[in-house]
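Below is one structure, written out as structure tokens; the observations come after it.
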Amino acid sequence: MATKNQNSAAAEAAKKALEAVKAKKEAEKTRTAGGNDTRSAGTKARVQHNITHVEQQSVGKQDLLGIMNKNAKPYRIIAVILWLLGLGFEVLAILCFKKVIPWKFIADNPGWTISWIVCLALDLILVVIGSQLWKKANHLDPASEKNKAKFWIQNNLGVIIAVVAFVPFIIFALTDKKADGKSKAIAAGVAVVLLAVGVLSGIDWNPVSQEQVLEEAGIETGEVYESVYWTKSGTVYHLYEDCGHLNNSPDLLTGTSQAAVENGKTRMCQTCQTRGVKEGLVHLPDNTDTANNDQAKDNETGSETGNENETEPVDLG
Ligand SMILES: [Zn+2]
Numbered sequence: 001m002a003t004k005n006q007n008s009a010a011a012e013a014a015k016k017a018l019e020a021v022k023a024k025k026e027a028e029k030t031r032t033a034g035g036n037d038t039r040s041a042g043t044k045a046r047v048q049h050n051i052t053h054v055e056q057q058s059v060g061k062q063d064l065l066g067i068m069n070k071n072a073k074p075y076r077i078i079a080v081i082l083w084l085l086g087l088g089f090e091v092l093a094i095l096c097f098k099k100v101i102p103w104k105f106i107a108d109n110p111g112w113t114i115s116w117i118v119c120l121a122l123d124l125i126l127v128v129i130g131s132q133l134w135k136k137a138n139h140l141d142p143a144s145e146k147n148k149a150k151f152w153i154q155n156n157l158g159v160i161i162a163v164v165a166f167v168p169f170i171i172f173a174l175t176d177k178k179a180d181g182k183s184k185a186i187a188a189g190v191a192v193v194l195l196a197v198g199v200l201s202g203i204d205w206n207p208v209s210q211e212q213v214l215e216e217a218g219i220e221t222g223e224v225y226e227s228v229y230w231t232k233s234g235t236v237y238h239l240y241e242d243c244g245h246l247n248n249s250p251d252l253l254t255g256t257s258q259a260a261v262e263n264g265k266t267r268m269c270q271t272c273q274t275r276g277v278k279e280g281l282v283h284l285p286d287n288t289d290t291a292n293n294d295q296a297k298d299n300e301t302g303s304e305t306g307n308e309n310e311t312e313p314v315d316l317g
């Protein structure tokens with residue numbers, strides 16, 4: 001893998017990466033010399049990690065974008081399948097509400113009302129799970145901000161699907177000629193509540209753009225970080241092995257920031273980023289606003305399923 005033929009651009013990138021490492025080492029030296037790190041988690045208890053090195057697979061940006069696309073694909077496919085199933089249940093719900101399914105079984109047993117409610121509930125569950133997978137895919141393989149329309153649609157597809165999954169039912173229920181006013185109101189009311197839940201779960205409060213990911217990892221400039229750390233279950237990568245968020249994760253993976261992105265860790269840990277900026281290791285672009293920072297933080301605390309969320313200092317005695 002390492003012996004792969006490198007073109008001059010890659011060699012140039014490697015050189016730059018090496019310079020970045022030097023800068024990092026330099027920064028680490030000053031940090032140790034200073035010794036006044038305010039994060040008790042970082043200094044008091046030095047946690048021993050089992051670190052496994054991960055080789056970078058991609059050589060250039062296009063290569064990397066291909067890998068990101070591949071990482072996200074299974075999530076996108078399953079999301080679309082679940083959404084389609086959800087819409088199928090909406091159709092069933094409409095048919096049950098209008099009592100047009102030729103299934104005597106429903107009329108005799110669960111009853112029409114229960115049937116459409118169950119169908120709408122299944123519709124909601126499928127739409128919500130689909131949206132979560134879609135959001136996960138968008139974080140693994142974000143849309144480019146250059147195409148504003150595509151960026152908006154890709155990030156709001158969960159919301160659009162939620163609307164499609166409930167609004168037709170509401171319209172059909174309200175315009176049904178045979179149903180009485182009370183049943184119409186109940187049907188519309190239930191569907192509006194489910195619609196609200198679906199829309200809320202579809203919103204990506206912290207959408208990520210492809211540019212942010214590439215910028216943050218130094219891929220845009222060819223100055224990737226030589227050694228960053230991440231956990232198998234995490235969604236972010238860390239610049240510092242002694243980051244407090246990693247205290248409860250004995251097994252770490254390490255590699256370049258490009259390798260981290262390849263492995264689905266598309267954002268930099270907010271704590272590490274703040275520290276990196278202080279120590280001159282991270283240079284935020286001028287247009288980086290606080291919203292972007294909040295976003296990385298949310299990813300860290302919101303989506304991590306492992307135990308690296310723990311910010312409590314670990315006392316090794
Ligand atoms: Zn960190």
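The opening position of the sequence shown corresponds to residue 1 in my numbering, with each subsequent residue numbered one higher.
Glycine included, each C-beta is placed from N, C-alpha and C at the ideal position.
Would residue i pass as a contact of residue j if the rule is Cβ separation under 8 Å?
i	j	result
A173	E90	no
K135	D204	yes
T256	H53	no
G86	L126	yes
L281	L252	no
D176	K73	no
G202	V236	no
E145	S209	yes
P207	N155	yes
A93	L124	no
A162	L195	yes
From residue i to residue j, what distance separates their C-alpha atoms?
i	j	result
D63	D180	60 Å
A318	V197	Nothing in the structure corresponds to residue 318, since the chain is present only between 1 and 317.
Y75	L200	20 Å
C96	E211	47 Å
Q56	K265	13 Å
G111	L82	26 Å
T231	L122	34 Å
L214	N248	28 Å
G66	W116	43 Å
P142	T113	41 Å
W152	D108	46 Å
Q48	E220	33 Å
H283	V277	6 Å
R267	N71	15 Å
Kindly indicate which residue of the options has the alpha-carbon position closest to the one of residue i.
i	options	result
Q273	L252, E262 and H245	H245
G130	V159, D176, F169 and V80	V80
F169	A143, I153, K184 and N248	K184
V59	H283, P250 and G222	G222
I51	V261, L284, E279 and P250	P250
I78	I171, V128 and K278	V128
M68	L284, G276, R267 and V261	V261
Helix or strand or just coil, what does DSSP make of residue i?
i	result
H139	helix
V282	coil
N50	strand
Y240	coil
W230	strand
T175	coil
D251	strand
T290	Because T290 sits at a pLDDT of 44, beneath the cut-off of 50, its placement in the model cannot be relied upon, and the point is left open.
For a cutoff of 8 Å on Cβ pairs, would you count residue i as touching chain B?
i	result
L140	Judged by its chain identifiers, the structure shown contains no chain B, having just a single protein chain.
Should the segment 172-192 be regarded as contacting the segment 225-237, the criterion being three or more beta carbon pairs within less than 8 Å? no
Pairing CB atoms from the segment 239-256 with CB atoms from the segment 267-284, are three or more of them under 8 Å? Enough Cβ pairs lie closer than 8 Å, so yes.
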